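Numbering (the numbering used here), first residue to last: -13 to 472.
Glycine included, each C-beta is placed from N, C-alpha and C at the ideal position.
The structure presented is a predicted model; accordingly, all values stated were derived computationally and were not measured.
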């Protein structure tokens, strides 16, 4: 006979299938070796064969003793996932897995009699109901908390909240500690020592807040979050606490959350922020005025945008310059301005000089393209399509001004002259033509439509200005649109 089989109500075949309830309600709380036994047995059930399906084979394959295998299955029988037939040799039947919330588990009356007496003595401020007792049993068994450990947890809660503390509070503490690996009386004792150390540190915070209350469980949890999760140094917390005028530890918590959202972690960073608040508010006011928008409360503008831009290295003057450019481009909200600032930053444009140089370079390119359009007798504005062409000719194909001007001359009078220039230059690129002399020879020696020759007219001198027209701003923003933000 096979050692492990499905019960009659759980006969299946094919792939190994297991309910998600096992992973949610059972596996997280079971020792690893017991889970290994259960899953190995489940696989044997699906194989549906007597070959190697014996207690001896289980012990060999899993490197465990036969008694360990039996103990594992007795555990899973207690959990309601298998039933053990009292045969010689014993046989295990796998039952359907049901979520624990649908189970009405029964407990032996004498199993917890000592626990019941002890916990009632601890909670002598009220009577414990049968339902409450059952909640303790379920928690202890599902999370594998020893009875002595649960009693120590209950006593800790009484010391915190009084002898009529609610059972929900006790169970919350017990569950949180169990998730942190606290299951035995020894684990609880170690946890209490850690809490004692933590209490001393929280007291320092309360003293800095000029509070005379004793540290509570919630206070310690906040302190643990600030130091272990947020990463704040205790000295920073004390320094911040000393600045809190009213509201106690809750006000401190709000202030720490604010600093964290602003990525301020050191005493120096926090002091600089607090000392520069007036300047930051002034920058926010000027930015909003430049954009033509109004915010009744400027704090969100400071915390979300101004401080971030300042940390990126932008000065008050640089932010104002970008805001003025946005206004002329009909950008009227700070969210879109933030996108423009991010694009400048990704290009390494932070100082006013760098921004102005970039703008001048972009507008200078547009002037070159405009001279090409004029040479082609085109009276339209420069488009992003024109800029893409010019970028390809100069930066990708490395053609100089003379050879481009010659291509312009050849394209004059064509129906789509810019596309015609692109076709000519692409042809020259394919034939490794890189200078004006070779281009003229190539045109002269081919029987194509590019037979015209002429002197190239001299281009107009360039000039730089920072008084931007709508056309020039279009050039600037089209160029910026090439920047992709992550």
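Look at the Cβ atom of residue i, then the Cβ atom of residue j, and state whether they are nearer than 7 angstroms.
i           : j           : result
residue 292 : residue 270 : yes
residue 19  : residue 83  : no
residue 131 : residue 159 : no
residue 164 : residue 134 : no
residue 340 : residue 392 : no
residue 168 : residue 161 : no
residue 398 : residue 362 : yes
residue 180 : residue 85  : no
residue 295 : residue 336 : no
residue 383 : residue 415 : yes
residue 2   : residue 32  : yes
residue 118 : residue 80  : no
residue 284 : residue 267 : yes
With distances taken from CA atoms, which of the options is nearest residue i?
i           : options               : result
residue 215 : 104, 172 and 242      : 242
residue 28  : 62, 157, 418 and 156  : 62
residue 202 : 229, 249, 146 and 213 : 146
residue 244 : 260, 231 and 232      : 260
residue 218 : 230, 238 and 204      : 238
residue 330 : 298, 303, 351 and 302 : 298
residue 148 : 112, 157 and 180      : 112
residue 428 : 403, 405 and 396      : 396
residue 307 : 315, 173, 338 and 179 : 338
residue 67  : 115, 9 and 44         : 9
residue 252 : 99, 231, 104 and 213  : 213
residue 60  : 46, 24 and 35         : 24
residue 16  : 56, 198, 129 and 44   : 129
residue 70  : 371, 96, 41 and 46    : 41
residue 373 : 263, 38 and 351       : 351
residue 106 : 150, 80, 408 and 205  : 150
residue 248 : 288, 280 and 417      : 288
residue 235 : 267, 188, 250 and 246 : 188
residue 100 : 136, 77 and 65        : 136
residue 143 : 7, 403, 109 and 118   : 109
residue 366 : 385, 380, 314 and 404 : 404
residue 379 : 155, 37 and 407       : 407
residue 272 : 36, 58 and 313        : 313
residue 228 : 353, 246, 197 and 254 : 197
residue 385 : 283, 411 and 64       : 411
residue 421 : 317, 388 and 311      : 388
Could you give the first and the last residue of the continuous alpha helix (DSSP H) run that contains residue i?
i           : result
residue 272 : 263 to 277
residue 413 : 403 to 416
residue 234 : 234 to 247
residue 383 : Premise fails: residue 383 is in no alpha helix (DSSP H) and is neither H nor E.
residue 44  : 41 to 47
residue 83  : Neither: residue 83 is in no alpha helix (DSSP H) and is coded neither H nor E.
residue 126 : 116 to 129
residue 424 : 422 to 430
residue 16  : Segment: none, residue 16 is in no alpha helix (DSSP H) and carries neither H nor E.
residue 220 : 220 to 229
residue 168 : No alpha helix (DSSP H) holds residue 168; DSSP gives it neither H nor E.
residue 202 : Note, residue 202: premise wrong, no alpha helix (DSSP H); not H, not E.
residue 102 : 99 to 108
residue 50  : Note, residue 50: premise wrong, no alpha helix (DSSP H); not H, not E.
residue 144 : 133 to 147
Provide the residue span of the beta strand (DSSP E) that contains residue i, from first to last.
i          : result
residue 71 : 68 to 71
residue 77 : 77 to 80
Under the criterion of a Cβ to heavy atom distance below 6 angstroms, does residue i qualify as lining the ligand NAD?
i          : result
residue 26 : Of ligands this structure carries none, so the ligand NAD is not represented either.
Item to complete: Mind the definition here: the stretch 184 to 191 touches the stretch 209 to 222 only if three or more C-beta pairs lie below 8 angstroms; say whether that holds.
Response: yes
Item to complete: May I have a chain-ordered list of the beta strand (DSSP E) segments no shorter than 3 residues that lie completely inside the stretch 346 to 380?
Response: none
Worksheet item: What are the uninterrupted segments assigned as alpha helix (DSSP H) that are 4 or more residues long and contained completely in the stretch 294 to 345, given in chain order?
Response: 302 to 314 and 320 to 332
Discussion item. Under 8 angstroms: do the stretch 321 to 334 and the stretch 350 to 360 share three or more Cβ pairs, one atom per stretch?
Written reply: no
Discussion item. With three or more beta-carbon pairs closer than 8 angstroms as the criterion, would you say the stretch 187 to 198 touches the stretch 218 to 236?
Written reply: yes
Discussion item. Three or more C-beta pairs under 8 angstroms: does that hold for the stretch 114 to 129 against the stretch 50 to 61?
Written reply: no
Worksheet entry | the stretch 269 to 283 touching the stretch 244 to 259, judged by at least three CB pairs closer than 8 angstroms | no
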